[in-house]
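In my numbering, the protein residues as written are 56 to 545. Heads up, the thing below is written out as structure tokens.
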């Protein structure tokens, strides 16, 4: 009995202890679970914070990278804009700078400076030269003929009177090939001296169409007979009674000052009048042309903007009321010393044409020539060996009204040949004069071109007094033949 009671107590105690142990075990498990859950929750919060911080850091880095990319893109866009602007300015500079190699390539730039001509030697007899010149004038060969198709309807005809001053002429050609829009012109070279070398020089021209014409009554073709000097001519300063007594051929026709004919002096007027008649009325390419004719000489030098300048004057002449029925002459050259294109380059004087002031780089249209041609007899009879002074006589005493000129105050054509027919002072060297002219053009290169002019009127006149030297009736008769179509000498 006692033994059973003891067993029950022990069983009860065992169960109690087991129950307590189980309770503690369960409580312990719950605590661990809660703690783990708490730790997990805490860790989750920490991880979330770290993730947010990492995302924020990455976002900041990406934003910084985007800002850098945008900055770099903006810089690239700026650089591209500046490059395009620089390229545009460079291209404009190239277009405005006729000295740029690009133009030299396109125009087949030619170095004329090394070309030499010896005028002291010729293998032709005068009679052979006359026949050769006649054939050449009849043939009317045009070099660079394919360029004629590109000429505008009112293209400029440049007519250059050339003698033997080849060093000047080469500089003139060089200035022409550097001019903007020179390919839109036609060049007519009028010679009074024939050599194969000069013809070779002309064939070097590639910048525009070219045609040569040859004065058929030059001293070279008639060295010992009229129109050259003949053995029976009266000496220049012989008195008329002595000339009659001597029986020289022109004893009855001294000039107004009592001087007899000098063949080299009268040839310039002969050549000029023959040339304008031939180009205006006989040369197939130009005899029906209604654009401007620009008359220049071998010792002139042209500004790169001369084509643009002449077109600007022509547009003003056609559109401005002040030039209605007037402004017959347009002149690109002056003898003043004005050199500032920026302040004075647009100024254009309108006034009476004066031969000694407005004859350099003189241009006209066909209607002006038609009026002058009506005065041929007075041109050929007026006792002055200068063609320009003779034109001034026609302006005052033959034409319906006096010639008026449009004249740039700052020249677009310069005179290089300081030692011309009328020069009496000490001559400057050609190199010094050219360097001075090129310096003027270089300093003013940004102001050479303008579509606008500032016209003003100037009233001036000049008392006209003949210079003589043109009294021989043979010269009068020959002069009139040019107007009748170059009748041959008998």
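The C-beta atom is built at its ideal place from N, Cα and C for all residues, glycine as well. If you're wondering where the values come from, they're calculated on a predicted model, not measured in any experiment.
- Counting only residues of its own chain and dropping the five nearest sequence neighbours on each side, residue 246 has a CB closer than 6 angstroms to the CB of 217, 269.
- With a 10 Å radius around the Cβ and a threshold of 16 neighbouring Cβ atoms, residue 226 comes out buried.
- DSSP places residue 496 in no beta strand (DSSP E) but in the uninterrupted alpha helix (DSSP H) bounded by 485-498.
- Apart from the 5 residues on each side of it in sequence, residue 384 sits with its Cβ closer than 8 angstroms to the Cβ of 408, 413, 417, 418, 419, 423, 458, 459, 460, 461 in its chain, given in chain order.
- Between residue 378 and residue 535, the C-beta spacing is not below 8 angstroms.
- A straight-line Cα-Cα distance of about 35 angstroms links residue 292 and residue 189.
- The C-beta separation of residue 306 from residue 284 comes to about 16 angstroms, leaving the pair out of contact by the 8 angstroms criterion.
- Residue nearest to residue 340 within the set 105, 357, 72, 192 is 192 (criterion: CA-CA distance).
- Per DSSP, residue 285 lies in no alpha helix (DSSP H) segment and is marked neither H nor E.
- Counting along the chain, the unbroken beta strand (DSSP E) around residue 419 starts and ends at 417-419.
- No Cβ-Cβ contact shorter than 8 angstroms links residue 337 with residue 526.
- The residues 235, 236, 504, in chain order, have a CB closer than 7 angstroms to that of residue 363 in the same chain once the five nearest residues on each side in sequence are set aside.
- For residue 369, no beta strand (DSSP E) segment is defined; the enclosing uninterrupted segment is the alpha helix (DSSP H) at 361-374.
- Closest in alpha carbon position to residue 266, among 199, 299, 301, 528, is 199.
- For residue 402, the pairing in a beta bridge is given by DSSP as 509.
- Comparing alpha-carbon positions, the option among 253, 445, 65, 263 lying closest to residue 202 turns out to be 263.
- Taking the CA atoms as reference points, residue 502 sits about 15 angstroms from residue 492.
- For residue 240, the three-state secondary structure derived from DSSP is strand.
- Close CB contacts of residue 303 within its chain, under the 7 angstroms cut and outside five residues either way in sequence, are with 287, 288, 289 (chain order).
- Residue state for residue 386 is assigned as strand, using DSSP reduced to three classes.
- The beta-carbon distance between residue 228 and residue 167, rounded to whole angstroms, is 5 angstroms. This is short enough to meet the 8 angstroms contact definition.
- By alpha-carbon distance to residue 425, the top candidate from 403, 345, 486 is 345.
- Where residue 253 is concerned, the enclosing alpha helix (DSSP H) starts and stops at 251-258.
- When rounded, the separation of the alpha-carbon atoms in residue 421 and residue 231 is 23 angstroms.
- For residue 211, the pairing in a beta bridge is given by DSSP as 240.
- In this structure, the beta-carbon distance from residue 485 to residue 223 falls below 8 angstroms.
- In the structure shown, residue 352 adopts extended strand secondary structure according to DSSP, grouped into three states.
- DSSP places residue 184 in the uninterrupted alpha helix (DSSP H) bounded by 181-194.
- Each residue's CA atom was taken as its position, placing residue 219 and residue 353 some 9 angstroms apart.
- Between the C-alpha atoms of residue 73 and residue 79 there is a straight-line separation of about 10 angstroms.
- In this chain, the alpha helix (DSSP H) harbouring residue 232 covers 221-232.
- DSSP places residue 321 in the uninterrupted alpha helix (DSSP H) bounded by 318-336.
- Straight through space, the alpha carbons of residue 509 and residue 374 are spaced by roughly 14 angstroms.
- Annotation: the continuous beta strand (DSSP E) that includes residue 463 extends over 459-463.
- Checking the DSSP bridge columns, you'll see residue 269 partnered with 246.
- When the Cα atoms are used, residue 522 and residue 463 turn out to be separated by approximately 28 angstroms.
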